[in-house]
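In what follows, a single structure is set out as structure tokens and then discussed.
Protein chains: 2
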Amino acid sequence: MYVVLYPSSPSMALTSALLSVGYHPVPVGGLTEAVDKEPDGGWACAIVDLSSDAGAGMNFSAKAREELSIPSLLVVDRTLTDDLRDESGFDDFILTPIDSNELRVRLMRLGSGPGDVEPDESVLRFRDLELNTATYQATIGGSPTDLTYMEYELLRFLVENPNRVWSREQILSKVWGYDYFGGSRTVDVHIRRLRAKLGEERAGWITTVRSVGYRFG
Amino acid sequence: MYVVLYPSSPSMALTSALLSVGYHPVPVGGLTEAVDKEPDGGWACAIVDLSSDAGAGMNFSAKAREELSIPSLLVVDRTLTDDLRDESGFDDFILTPIDSNELRVRLMRLGSGPGDVEPDESVLRFRDLELNTATYQATIGGSPTDLTYMEYELLRFLVENPNRVWSREQILSKVWGYDYFGGSRTVDVHIRRLRAKLGEERAGWITTVRSVGYRFG
DNA sequence: CGCGAGTGTGAACGCTTTGTTTCGTCCCCC
DNA sequence: GGGGGACGAAACAAAGCGTTCACACTCGCG
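The listed protein sequences correspond, in order, to chains P and Y. Numbering-wise, my numbering puts 158 at position 158 of the first sequence, and it's gapless, one number per residue. Start counting at 1 in the second sequence, then tack on 1000, and there's your number in my numbering.
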């Protein structure tokens, strides 16, 4: 298992930790070098040590994810942790001093785990409801259920925007379109059809807020 | 931001670390309790401390992810890290002793997922009364209470404008609308219904100012 | 062209909410 | 102590609202 290591002069502690958990670190000084030295099976992961130059490291991390399509693990000093809050170009991070076991687990999760970017990030879930927005299929309580287009769109809207009340007008404009011109009974009827398909058990997920609208969740 | 904490008797260190980074931990003993105590906005995350019973913890973690649709963060002792290699029912983990900054960053990264809503401070509070203006739900003394539309609007007006006397006419025009044409006894009746729902204990929050009107707070 | 699924609309029904009225009680002022 | 106004309680009437049903319309498809 080869991993790119950035920057090119890594700390001994990091290198030996990687070796001890069974990875072959290859230090590189930049993205082009990482491309050049890419082994046959590709890189398993990028390890980016932020201790010398955090800005350059974040930069490398984001590019490695983007252009090499590999996950990125940051190595951060305790004092730098706070800077990670608003950053997003990485998949995981580990603090120094490095704990070998922790490193092993984090690498393993990046490599083989479900962290493989998006196996199905097109699936919306709520309790035992699944909405596969890629295939337009719905699963309710484990069993696939046929939803019509409008039912699907309405349910998707509700699942994506739970826990607040939406007026009929808001629902109409968000689901049917801002320029839709129709009576608000339409919403009622579709809500009713949805409740019927959700089944008695789950019908209560959609709460009617009298004089206001509907709330999901 | 509320987070479920398992098991029900968490370590002081963990609890205070969570509090220090701005989360409200709610210890629970199992999934059903987590469902029962679920706050309005839902849980932000599950925090599972594996130090006492790793098996039960992993179990809870997996179920929380599955049934509550929330991410799960494990708290593990250094000696247990190795056991995580083959497990998958969690989203991230953190080692003890806990570093607050690391905790903050990991929670933030978990929280910023798709299931996240805006940090809705659309909640009005007075003593142990909560009015969630986004969901139109009211909580009195911790227990959710059904208020009708008018009761809700009236109470909202009072909570937003406490500590001064409002005449019946003022209340009518502010709550019912400037052009409302109705008798002023209407206000009395709604005040009475509100007091009844607030309960004996809290009925006094609304004071009658004889010949003038009502005052809240 | 006819059929059927999907969708929107209108009307009837029943329940909840809401406003009014009536009656009794309290309180203030004389 | 008595009178009158103000307020609270309860009952009542009606208005509002959501649900449901029936039906019309559209669009694909055989």
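In this text, a Cβ means the ideal position worked out from N, Cα and C, and glycines have one as well. Given the structure is predicted, the values throughout are model-derived calculations rather than measurements.
Task: Residues in the region 129-152 of chain P having any Cβ partner in chain Y nearer than 8 Å - done: none
Task: chain P residues whose Cβ lies nearer than 8 Å to that of R1085/Y - done: R104, V105 and M108
TODO: Please compile the residues from chain P whose C-beta is within a distance smaller than 7 Å of the C-beta of L1095/Y.
DONE: D99 and E102
Task: Interface partners of R1078/Y on chain P, CB under 8 Å - done: D99, N101 and E102
Task: Candidates T79/P, S69/P and W166/P: closest to V4/P by CA position - done: S69/P
Task: Own chain partners of L1247/Y with C-beta closer than 7 Å, once the 5 adjacent residues on each side are dropped - done: Outside the displayed range of chain Y (1001 to 1217) lies residue 1247/Y, so it cannot be described from this structure.
TODO: Assign S72/P to one of two classes, buried (16 or more other C-beta atoms within 10 Å of its C-beta) or exposed (fewer than that).
DONE: buried
Open item on the list: Can you tell me whether I140/P is helix, strand or coil according to DSSP?
Closed with: strand
Open item on the list: Rounded to whole angstroms, what is the Cα-Cα separation between E200/P and M1150/Y?
Closed with: 29 Å
Open item on the list: If I measure Cβ to Cβ from L1107/Y and keep anything under 8 Å in the same chain, skipping five residues before and after, which residues do I get?
Closed with: V1003, V1021, Y1023, A1044, C1045 and L1073
- [ ] Enumerate, from N- to C-terminal direction, the unbroken beta strand (DSSP E) stretches of 3 or more residues contained entirely within the region 151-200 of chain P.
- [x] none
TODO: Run down chain Y in chain order and give the residues with a C-beta less than 9 Å from the C-beta of V209/P.
DONE: T1135, Y1136, Q1137 and Y1149
TODO: Please classify P119/P: is it buried, with 16 or more other beta-carbons within 10 angstroms of its beta-carbon, or exposed?
DONE: Low per-residue confidence applies at P119/P: pLDDT is 42, beneath 50, and the placement is therefore not dependable enough to give any value.
TODO: Return yes when the Cβ of V209/P is within less than 9 Å of the Cβ of A202/P, no when it is not.
DONE: Contrary to the premise, residue 202/P reads as Arg rather than Ala in this sequence. No.
Task: Beta-carbon neighbours of G1042/Y, restricted to chain P and to distances below 8 Å - done: P162, N163 and G217
- [ ] Give a yes or no on whether 9 Å exceeds the smallest Cβ distance from D120/P to chain Y.
- [x] With a pLDDT of only 46 at D120/P, under the threshold of 50, the placement of this residue in the model should not be trusted; the figure read from the coordinates follows. So, not an interface residue.
TODO: Check the Cβ of E1201/Y against every Cβ in chain P and list those closer than 9 Å, keeping chain order.
DONE: Under the 9 Å cutoff, chain P gives no residues; its nearest Cβ is about 26 Å from E1201/Y.
Task: Inter-stretch contact at 8 Å, needing at least 3 Cβ pairs: the region 1093-1106 of chain Y / the region 91-108 of chain P - done: yes
Task: Endpoints, alpha helix (DSSP H) assigned at L103/P - done: S100 to G111
- [ ] Could you check if L19/P is buried or exposed, using at least 16 other CB atoms within 10 Å of its CB as the buried criterion?
- [x] exposed
Task: Residues in the region 1065-1077 of chain Y having any Cβ partner in chain P nearer than 7 Å - done: E1067 and S1069
Open item on the list: To the nearest angstrom, how far is the alpha carbon of L1172/Y from that of Y1180/Y?
Closed with: 7 Å
Open item on the list: Distance check for T186/P and G1217/Y, CA to CA, integer angstroms please.
Closed with: 42 Å
Task: Spatial distance of S16/P from M1012/Y (CA atoms) - done: 35 Å
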